[in-house]
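Q: Please find one structure pasted underneath; my questions will follow.
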Amino acid sequence: MVVSHAFLSIFSILYYISVAFLLNVTNSLVFRGGLRLPCLLIVGQLSLFSLLYLLAVVLGFIPNRKKYLFMTNRLLLLMLFFFVMNLANMTALATIDDVVIFIGVRRTLCLFVLILECSFLSKKPTLLVFFSVVCITLGALWSVLFRSKPFNFYGLLLVIIGNLSNALYLIWIPFASENGIFGTVALTVSLSCWSLPLMITVALFQGEVSRLKIFLQNETSSVAFWTAFGFSSVLGCFISHATYMNSIHNSPLTHSMSGHIKDILIIFIGSWIGIGSLPSTREERMGLALNILGEEQT
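Position 242 of the sequence shown, counting from 1, maps to 243 under this note's numbering, and the rest follow consecutively.
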């Protein structure tokens, strides 16, 4: 049965927003349970996916293993580099107790993606799309520049590096698909398996392994905590696949804007279920309003 492009386009957006929203919620529950080790949380997600892949190989569900673990292609090596850079940057951002930096300023990702799409993919945005990106970017900048808290240069630098690596990673996904190198499942398997040892190295370098030992010795974890950790690991298996589907069946720019919709949902629904809070200052509310205005134009 042939599935229409319109259906795949809408499904990819809803698929990504749903998985990303649930992953944010479960990660927040894990952090509130005392395990604020974002790098090891990602390692747990990648480990489960790699384990499922090996199990599928043993059971004979994946006969062509080279297709899934082939990493000599230069394009895929670039994707792996930016993928790991983005993951490492996300773990650093997750340790910053600054919601405006972590959620607000990260929304400037769409500006980075727009510039790179114009440069590498030769895509010219429509006037409506350009207006949306401008509103979202102004909303993010307004939140951080016009507020009473001290200027967080370190957090802002992390956001810029993270958005640049994330944008470069996203724009390579359509290239890989158009050249017939990898499908969405193969991309998910390959990048997840290859990034696992690299992220373990990052976790060791950041001292998260030693802090995990202290956590296991001193903390009394509940069943709810480990349920949230397990659910987070399962969702981590789907988030990369959802990213590839959304970037391929829509575009990297559409995917980045889908992430903004997820962040807005996190702000409103998260405050209702007790894992977040609404903007408390006029500047933050103004920034959020500009972001919502930008999303409504797309």
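Quick reminder that beta carbons are idealized off the backbone N, C-alpha and C, glycines included. Keep in mind that this is a model prediction, so the values were computed, not measured.
#1: Would you mind sorting Cys119 into buried or exposed? The rule is 16 or more other CB atoms within 10 Å of its CB.
#2: Looking at C-beta atoms only, is the number of pairs between the stretch 4-12 and the stretch 199-218 that lie closer than 8 Å three or more?
#3: If you pair each beta-carbon of the stretch 192-202 with each one of the stretch 253-270, do three or more pairs fall below 8 Å?
#4: Check this for me: beta carbons of Met200 and Leu78, under 9 Å apart or not?
#5: Around the C-beta of Asn28, are 16 or more other C-beta atoms found within 10 angstroms, so that it is buried, or is it exposed?
#6: For Leu157, which residues of its own chain have a beta-carbon under 6 Å away from its beta-carbon, when the five flanking residues on both sides are left out?
#7: Suppose you measure from the CA of Met313 to the CA of Pro253; what does that come to, to the nearest Å?
#8: Decide if the stretch 33-47 is in contact with the stretch 217-235; the criterion is three or more beta carbon pairs, one per stretch, under 8 Å apart.
#9: Suppose the cutoff is 7 Å on Cβ atoms and the five residues either side in sequence are ignored; what does the same chain contact list for Ile18 look like?
#10: Measure the C-alpha to C-alpha separation of Leu217 and Cys238 and round it to an integer number of angstroms.
#11: May I ask whether a heavy atom of the ligand MN can be found less than 8 Å away from the beta carbon of Ile172?
#12: Pick from Ile137, Val114, Asn90: whose alpha carbon is nearest that of Tyr155?
#13: With distance defined between alpha-carbon atoms, name the residue in Thr92, Thr244, Ile161 nearest to Leu112.
#14: Grab the span of the alpha helix (DSSP H) containing Arg33 for me, first residue to last.
#15: Can you name, in chain order, every residue of its own chain whose Cβ lies under 8 Å from the Cβ of Ser48, other than the five neighbours on each side?
A: Working from what's here:
#1: Start at 1 with the first residue of the sequence shown, and residue 119 comes out as number 118. Looking at its Cβ environment, which holds fewer than 16 other Cβ atoms inside 10 Å, Cys119 is exposed.
#2: Because the criterion of three Cβ pairs below 8 Å is not met, the stretch 4-12 and the stretch 199-218 do not touch.
#3: Three or more beta-carbon pairs separated by less than 8 Å are not found between the stretch 192-202 and the stretch 253-270, which leaves the two stretches without contact.
#4: Taking the sequence shown and counting its residues from 1, the one referred to as residue 200 is at position 199. Taking the sequence shown and counting its residues from 1, the one referred to as residue 78 is at position 77. Their beta carbons are not under 9 Å apart, which means Met200 does not touch Leu78 by this criterion.
#5: Here residue 28 corresponds to residue number 27 of the sequence shown, with the count starting at 1. Residue environment analysis places Asn28 among the buried positions, since at least 16 neighbouring C-beta atoms fall within 10 angstroms of its C-beta.
#6: Here residue 157 is taken as the residue at index 156 of the sequence shown, counted from 1. The beta carbon of Leu157 lies closer than 6 Å to none in the same chain, with the five residues before and after it left out.
#7: Because the chain spans 2 through 299 in this model, residue 313 falls outside it and cannot be assessed.
#8: Yes: at least three Cβ pairs fall under 8 Å.
#9: Here the question's residue 18 lines up with position 17 in the sequence shown. So the list reads Ser259, Ile262, Lys263, once near-sequence residues are dropped.
#10: For the purposes of this step, residue 217 is taken as residue 216 along the sequence shown, with counting starting at 1. For the purposes of this step, residue 238 is taken as residue 237 along the sequence shown, with counting starting at 1. Rounded to whole angstroms, Leu217 and Cys238 show a C-alpha spacing of 24 Å.
#11: Judged by which ligands are present, the structure shown has none, so any question about the ligand MN falls away.
#12: Translated into positions along the sequence shown, residue 155 becomes position 154. Minimum Cα distance to Tyr155 is reached at Asn90.
#13: Within the sequence shown, the letter at position 111 stands for residue 112. Answer by Cα proximity: Ile161.
#14: Stepping through the sequence shown from its first residue, residue 33 is reached at position 32. That run of the alpha helix (DSSP H) goes 6-33.
#15: By 1-based counting over the sequence shown, the position of residue 48 is 47. So the qualifying residues of the chain are Leu197, Ser234.
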